[in-house]
Structures are given as C-alpha cells and as structure tokens.
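J.:
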Amino acid sequence: MANRLNRGVAQRLRVGAAGRLVLPQRFRKSLGVKPGDEVVAVLEEGRVVIMSRERAWKSAQEIVRRYVPQGVSLADELIAERRREAARE
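Counting with the working numbering, you get residues 287 to 375 for the letters of the sequence shown.
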C-alpha cells in the first residue's frame with residue numbers, strides 16, 4: 287500500500303522484535319544497499335531519514351562546502367595551525 291507523500295514514496299513498515307525494521311526491496315534498490323551493508327539513520331524533526339553511507343558522506347561534504355571557500359584546504363589550515371602551536375612551545 288504505497289502512496290505519494292512529501293515528494294517520495296511512503297510505505298508502512300512494522301517494527302519487529304528488538305525494534306527492527308525491514309526495508310522494502312525497492313527502498314534498498316533505490317539506496318543501493320544490500321543485506322549486510324551499513325546505512326545511516328538521522329532523526330530530523332520527528333522523522334527518521336535513512337541513507338546509504340556514501341550519501342551521508344556526500345551530504346556532510348555539501349554542508350562543509352557551504353562554509354569553506356573554494357580552494358581552501360581545511361587539512362592544510364589545521365597542519366599550519368599545529369605547526370604554529372608547536373613553534374610556540
């Protein structure tokens with residue numbers, strides 16, 4: 287019994303033993319996950335968002351990109367900061 291809801295496909299799921307949910311095949315296929323793969327679940331404003339690890343990583347990178355100018359390397363900045371701190375000691 288699927289219907290359209292909030293730009294996506296909604297489907298009822300039953301919470302099983304130990305709080306387990308079974309993702310329907312079309313959800314797994316859409317996420318690109320197979321049995322045994324890890325997924326990331328995020329609680330957002332009273333809803334659970336489930337995504338593949340790859341999508342979660344990409345989402346985190348997109349958030350960081352909003353705050354870090356193009357061409358800036360956070361790793362290089364961190365290394366330079368640590369070197370300055372070490373030089374002061």
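Note that the Cβ used here is the ideal one computed from N, Cα and C, for glycine as well.
Note that the structure is predicted; figures quoted are calculated from it, not measured.
In the DSSP assignment, what residue or residues form a beta bridge with Ile336?
T.: According to DSSP, Ile336 bridges with Ala327.
J.: Look at the Cβ atom of Glu324, then the Cβ atom of Arg312, and state whether they are nearer than 8 Å.
T.: Not in contact: Glu324 and Arg312 (Cβ atoms no closer than 8 Å).
J.: Who are the near neighbours of Val334 in its chain, counting only those whose CB is closer than 6 Å to its CB and skipping five residues on each side?
T.: Ala327
J.: Looking at the unbroken alpha helix (DSSP H) that takes in Ala373, where does it start and where does it end?
T.: 360–374
J.: Do Leu299 and Val308 come within 8 Å of each other at the CB atom, strictly closer than that value?
T.: yes
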